[in-house]
Amino acid sequence: MIAALGRWALTVFARTGRASLMLLAILAGLPSVLPRPRLLVRQLYSVGVLSLPIIVVAGLFVGMVLALQGYTTLADFGAAGSLGTVVALSLVRELGPVVAALLYAGRAGSALTAEIALMKATEQLSGMEMMAVDPVRRVLAPRFLAGILAVPLLAAIFTAVGILGGYLVGVGLLGVDDGAWWAQMQAKVQPLRDVVNGVVLKSFVFGVVANWIAVFEGHDAQPTSEGIGRATTRSVVNTSLAVLGLDFVLTALLFGGVR
Amino acid sequence: MNPSRTVEVLVGAFVMLGLAALVFLAMQVSGLTSLGADAAYRVHARFENVGGLKVRSPVSMAGVRIGRVTAIDIDPQTFQAVVELSISSRHANLPADTSAKILTSGLLGEQFVGLEAGGADAVLKDGSTIKLTQSALVLENLISQFLFSKASEGRPETPAPAPGPAGQP
Amino acid sequence: MPDVPDSPAAADSLVRIRGLRFLRGTRVIFDGVDLDIPRGRVTAVMGPSGTGKTTLLRLIGGQLRPAAGSVVLDGHEVPALRRRELYALRRRIGMLFQSGALFTDLSVFENVAFPLREHYPRLPARLLRTLVLMKLEAVGLRGARDLKPAELSGGMARRVALARAIALDPMLMLYDEPFTGQDPISMGVLVQLIRTLNDALGMTSVVVSHDVAEVCSIADYVYLISGGRVVASGTPAELRASGSDWVGQFMHGLPDGPVPFHYPARDYASELLDGGGRS
Ligand SMILES: Nc1ncnc2c1ncn2[C@@H]1O[C@H](COP(=O)(O)OP(=O)(O)O)[C@@H](O)[C@H]1O
Ligand SMILES: [Mg+2]
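Sequence lines, in order, name chains A, B and C. Following the working numbering, the numbering of the first sequence begins with 1 at its first residue and continues without gaps. Following the working numbering, the numbering of the second sequence begins with 1001 at its first residue and continues without gaps. Following the working numbering, the numbering of the third sequence begins with 2001 at its first residue and continues without gaps.
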């Protein structure tokens, strides 16, 4: 029992160590991606463009539900005019970055892990190494970079679409005053504190974590079909846990002091 | 169009869409536009207590938004709050004896500065001060005054209103 | 050591392996292997599957590090090379993987063009095309250039991989089981091809295989490895004539002999009688 616990701890330490070393190698390889924008564009397509439908649809519905729920509560206090503020703040600070990162992990992160793991299992990565092409630079670094660019963009799109969805329900359906919706929102949502900290900074951190985990799990997978399945699952689960945990820390750091 | 060209175009569209969303969040949602969009002039008003008034809180007249609060400070001599209001130049004809009140939108809504026009011929100019002001109603003070007066009368009447999240806008 | 190989003259060997020791976990794969790959020749490494032939190629290519011993390739001590030096050395090595290891998202043409594009990004498109078609022509698959790897048979995929491996005109070609999965015709073509490439381009070749007949028809020198060490070496003719049981069993494909057919295990009967208890 104790021995098993010890072995488990050793495995965790070893994995953390390998993941950190790999992150360093990827960061060192990033400069070699810049002169080759085509590699980046290809990856932005598969992690960004292909994630767009689910991000837009989910953002729309989340915004609509937020407006519907918020309205019932706010109307009781005669504060339905603040509906825009509630919807926008929830989305900008929390739901936008978090839900976008979770959807990204499911849609793009899992695919990234599976792709890299399969390339490893079919010796494509080994083959590249023997052709004197470093797979970390040629395969991992462009995917990582594309991923950390895509996540904040997806979060911004998710948030904007969510606010529009809330607008449709709040103003279009529930009859909140159009002017009040935007005016109250603009009075309360601050460009630096909320938009930059929330949508940009938070989702950048989430993007780094999500893509780091996805790429690492793929590269570290057992080269068997079972191993690839396990790695894909682990990629999604670990990313989700990391995003939710980090969100708590980031919210405390970024918004904790400010009311 | 060959496939790699299609990919490039789609990725370009994706990046633009993401940036447009960010601009939308900055301008429309957090109101960067209404800051310096049109010319404005500044007037000051002194209050005993501004309650939960904040920089960027709205300034309105007859329920219509005409400007916003740009600064809140303490006068080092009188220890009163000095509030700087930025009012759109479209409303440059406010009478000099206009009065300012700190009001709350709804029971729990945010606080804002409400202006009421007076009857003087002279108008407020950039840098002038509003003389007639009424401070924010601070719920705790109201409640304690109410309870105090009831207690001194010696006969409890209607129960006191439930204290809300006082002090918060 | 029972059969110390009568090594070719060390002076003109491209690869020299001495006292090689390698472990997978606690399992010893190699224990004191000495081996020389003569320059300009075709050297075969044979042995039962699972003895570590692929592992040996990976050790030469620097993808694995030995626990002890030295692997010297063209004057460089491979395990001691720094990353940059190792990659520079690998540009001059071609390796044909057992699985082919083609990039599944690229066409046949792009697969062969890959190392060229990576190492010579400014190569003019016309020249690139000419080079790629030349390599594909050499393996007889010029017509398949627009197919995806998924549309190829195993044997065709191996030949595309070969075209890719020779794209950079390496000085050393490592072939991992090139003959498995080939039909008799392409097998013959491949045997010819390895020999021709080696002689025409002045390469050095290492062929790992257990197809005795094919290997003997092209190899200049053969190493037989088993149980973590070199058990015999010599020209094909010498080995055929060898009196050793090991060599005889392998060269003539006898099922039983000193080379065990079974992976090390407990006694068969006692394991069967042992019912449920899994160890
Ligand atoms: N990644 C690995 N992890 C652990 N053991 C391995 C690994 N790859 C190969 N082995 C073991 O090393 C031995 C040699 O493998 P290999 O070199 O592939 O043999 P072969 O001679 O058939 O090419 C095998 O018995 C195999 O069990
Ligand atoms: Mg093998």
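Backbone N, C-alpha and C fix where the C-beta goes; we use that ideal spot for every residue, glycine too.
Bounding residues of the beta strand (DSSP E) (the contiguous stretch that carries residue i)
i, result
"B:Phe-1112", "1111-1116"
"B:Val-1043", "1040-1047"
"C:Met-2173", "2172-2176"
"A:Phe-206", "No beta strand (DSSP E) holds A:Phe-206; the alpha helix (DSSP H) holding it covers 203-219."
"C:Val-2230", "2229-2234"
"B:Pro-1058", "1058-1061"
"C:Leu-2224", "2221-2226"
"C:Leu-2096", "2093-2096"
Backbone CA spacing between residue i and residue j [nearest angstrom]
i, j, result
"B:Gly-1036", "B:Thr-1070", "Any reading at B:Gly-1036 must be qualified, since the residue scores a pLDDT of 47, below 50, and its modelled position is unreliable; the value itself is stated next. If you take the alpha carbons of B:Gly-1036 and B:Thr-1070, they lie about 11 Å apart."
"B:Ser-1099", "B:Phe-1146", "27 Å"
"A:Leu-277", "C:Leu-2057", "This structure leaves residue 277 of chain A out entirely; chain A is present only between 1 and 259."
"A:Phe-144", "A:Val-136", "10 Å"
"C:Leu-2020", "C:Leu-2147", "42 Å"
"A:Leu-44", "A:Arg-107", "13 Å"
"B:Pro-1165", "A:Val-12", "Only weak support is given to the placement of B:Pro-1165: the predicted model assigns it a pLDDT of 49, under 50, and the question is left unresolved by the model."
"B:Gly-1067", "B:Val-1123", "17 Å"
"C:Leu-2106", "C:Pro-2149", "8 Å"
"A:Ala-88", "A:Leu-254", "17 Å"
"C:Val-2222", "C:Asp-2169", "24 Å"
Chain B contact residues for residue i, given Cβ-Cβ distances below 9 Å
i, result
"A:Gln-190", "Ser-1030, Gly-1031, Arg-1056"
Where the alpha helix (DSSP H) containing residue i begins and where it ends
i, result
"A:Lys-188", "178-188"
"B:Val-1023", "1003-1024"
"A:Met-128", "124-130"
"C:Pro-2115", "2108-2119"
"B:Glu-1140", "1139-1153"
"B:Thr-1078", "B:Thr-1078 -> no alpha helix (DSSP H), and no H or E assigned at all."
"C:Ser-2270", "2268-2273"
Residue i, DSSP secondary structure in three states
i, result
"A:Ala-165", "It is Gly, not Ala, that sits at residue 165 of chain A in the sequence shown. Helix, per DSSP."
"C:Val-2042", "strand"
"A:Val-99", "helix"
"B:Lys-1101", "strand"
"B:Ile-1066", "strand"
"A:Met-1", "coil"
"B:Gln-1134", "strand"
"C:Ala-2167", "coil"
"A:Thr-85", "helix"
"C:Asp-2199", "helix"
"B:Pro-1095", "strand"
"A:Ser-240", "helix"
"B:Leu-1035", "Only weak support exists for where B:Leu-1035 lies, its pLDDT of 47 falling under 50; the value from the coordinates is given anyway. Note: B:Leu-1035 maps to helix in three-state DSSP."
"C:Ser-2013", "strand"
"C:Leu-2073", "strand"
"C:Leu-2035", "strand"
"C:Arg-2024", "strand"
Residue i and residue j closer than 8 Å at C-beta
i, j, result
"B:Ala-1021", "A:Ile-116", "no"
"A:Gly-29", "A:Met-185", "no"
"C:Ile-2029", "C:Gly-2227", "no"
"C:Gly-2061", "A:Met-131", "no"
"B:Pro-1095", "B:Ala-1120", "yes"
"C:Asn-2111", "C:Arg-2164", "yes"
"A:Gly-81", "B:Ser-1149", "no"
"C:Gly-2155", "C:Asp-2176", "no"
"A:Ser-110", "A:Ala-155", "no"
"A:Val-92", "A:Val-189", "yes"
"A:Val-243", "A:Val-98", "yes"
"B:Gln-1077", "B:Lys-1101", "no"
"C:Val-2132", "C:Ala-2113", "yes"
"C:Ala-2161", "C:Gly-2069", "no"
"A:Ser-240", "A:Leu-102", "yes"
"B:Val-1083", "B:Asp-1075", "no"
"B:Ser-1057", "B:Glu-1110", "yes"
Closer than 9 Å at the beta carbon, the chain A residues around residue i
i, result
"C:Gln-2063", "Ser-126, Glu-129, Met-130"
"C:Tyr-2087", "Glu-129, Ala-132, Val-133, Asp-134"
"B:Leu-1115", "Those do not exist, as B:Leu-1115 stays about 16 Å from chain A at its closest Cβ, beyond 9 Å."
"C:Glu-2177", "Those within 9 Å of C:Glu-2177 in chain A number zero; the least Cβ separation is about 13 Å."
Amino acids of chain C, ordered along the chain, whose beta-carbon sits closer than 7 Å to that of residue i
i, result
"A:Glu-123", "Phe-2097, Ser-2099, Ala-2101"
Closer than 8 Å at the beta carbon, the chain A residues around residue i
i, result
"C:Pro-2115", "Met-131, Ala-132, Val-133"
Chain A contact residues for residue i, given Cβ-Cβ distances below 7 Å
i, result
"C:Arg-2091", "Ala-132"
Under 7 Å by beta carbon: chain B residues contacting residue i
i, result
"A:Arg-42", "Val-1007"
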